[in-house]
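K.L.:
In our numbering, the protein residues as written are 26 to 247.
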């Protein structure tokens, strides 16, 4: 009984730590991408938390971080809170759910890719619904921005998050296990051959480089 209680306490402590980390990197890592849209890397922490502890943990971290963000650094109020939660839930919870069902490297990649697609689709829908109310512009003006602005922004955001999650998940889990913050026999990163692991790392780096080049091209830098 004591072991179960300690395990739950350790899990809650880790989730709280991930909330704090996601908030900190959101504050210091905001980068303007397209027009008024900014990228921040908090979803990487959220989805790693989801891979470790499951989709419910990802949902909890998403909500906590979004609420704290609204009361501290955000200037978009309740609408920004809602959009942040929808975006993080769509990406992280979908990815974590798929990975929970298929705890392999292909399951992780499949979950992340599906998360990007779902997040992009939902954000296009909700930007179409909410942006005219929030920015006091006509819906037609928003429609004109969906493909040239909102679509590439969300795909690039999702691509960066996917690439960095692939690159960081195994080192993070290994470090947490060595620090005894998670059990040695649980939450291990999926085992793959060295060749497959290197191939996946190169693919993630290529995806990350592509996303960065797209951002530079959209902003007329290259």
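No residue lacks a Cβ here, since even glycine has one placed at the ideal position from N, Cα and C.
With a threshold of 7 Å on Cβ separation, who are the neighbours of residue 192 within its own chain once the five nearest residues in sequence on each side are excluded?
P.N.:
The answer, listed in chain order, is 226 and 229.
K.L.:
Could you check if residue 98 is buried or exposed, using at least 16 other CB atoms within 10 Å of its CB as the buried criterion?
P.N.:
With fewer than 16 Cβ atoms within 10 Å of its Cβ, residue 98 is classed as exposed.
K.L.:
Compare the Cα-Cα distances from residue 63 to each of 43, 178 and 116 and report the closest residue.
P.N.:
For the residues 43, 178 and 116, the minimum Cα distance to residue 63 belongs to 178.
K.L.:
Please list, in chain order, all residues of the same chain as residue 8 whose beta carbon is under 6 Å from its beta carbon, the five residues on each side excluded.
P.N.:
Residue 8 falls outside the range modelled here, since the chain spans only 26 to 247, and no answer is possible.
K.L.:
Quick one: which unbroken alpha helix (DSSP H) runs of 4-plus residues sit fully inside the region 118-205? Chain order, please.
P.N.:
Complete alpha helix (DSSP H) runs here, min 4: 119-126, 130-160, 164-170 and 176-203.
K.L.:
For residue 148, which option in 158, 126 and 107 has the closest C-alpha, if you only look at C-alpha atoms?
P.N.:
That would be 107, whose Cα lies nearest to the Cα of residue 148.
K.L.:
Does the region 125-134 come into contact with the region 101-116, if we say contact requires no fewer than three beta-carbon pairs (one atom in each stretch) closer than 8 Å?
P.N.:
With a cut-off of 8 Å, the region 101-116 and the region 125-134 do not count as touching, because too few Cβ pairs lie within range.
K.L.:
For a minimum of 3 consecutive residues, which ranges assigned as the beta strand (DSSP E) are wholly contained in the region 48-73?
P.N.:
You should have 56-59 and 62-64.
K.L.:
Suppose you measure from the CA of residue 102 to the CA of residue 245; what does that come to, to the nearest Å?
P.N.:
Residue 102 and residue 245: Cα-Cα distance of roughly 31 Å.
K.L.:
Residue 78: which of 194, 221, 156 and 145 sits nearest, CA to CA?
P.N.:
Per the Cα distances, 194.
K.L.:
Measuring only the C-alpha atoms, how far is residue 18 from residue 47?
P.N.:
Outside the modelled stretch of the chain, which goes from 26 to 247, sits residue 18, for which no answer is possible.
K.L.:
Buried or exposed: residue 186, going by 16 or more other Cβ atoms within 10 Å of its Cβ?
P.N.:
Residue 186 is buried by the Cβ-count criterion.
K.L.:
What number of angstroms, rounded off, separates the C-alpha of residue 238 from the C-alpha of residue 170?
P.N.:
So the alpha carbons of these two residues sit roughly 20 Å apart.
K.L.:
Tell me where the alpha helix (DSSP H) around residue 282 begins and ends.
P.N.:
Any property of residue 282 remains undetermined from this structure, which presents the chain solely from 26 to 247.
K.L.:
Pick helix, strand or coil for residue 87, following the three-state DSSP scheme.
P.N.:
Here residue 87 sits in helix by DSSP.
K.L.:
Taking the alpha helix (DSSP H) that residue 116 falls in, what are its first and last residues?
P.N.:
Taken as a continuous stretch (DSSP letters only), residue 116 belongs to no alpha helix (DSSP H), as it is neither H nor E.
K.L.:
Closer than 6 Å by C-beta to residue 182: which residues in its own chain qualify, once you throw out the five before and the five after it? Chain order, please.
P.N.:
Excluding residues within five positions, the ones whose Cβ falls inside 6 Å are 64.
K.L.:
In whole angstroms, what is the alpha-carbon distance linking residue 247 and residue 224?
P.N.:
Approximately 28 Å between the Cα atoms of the pair.
K.L.:
Let me confirm a value: residue 33 is counted as buried when at least 16 other C-beta atoms fall within 10 Å, else exposed. Which label applies?
P.N.:
Classification for residue 33: exposed.
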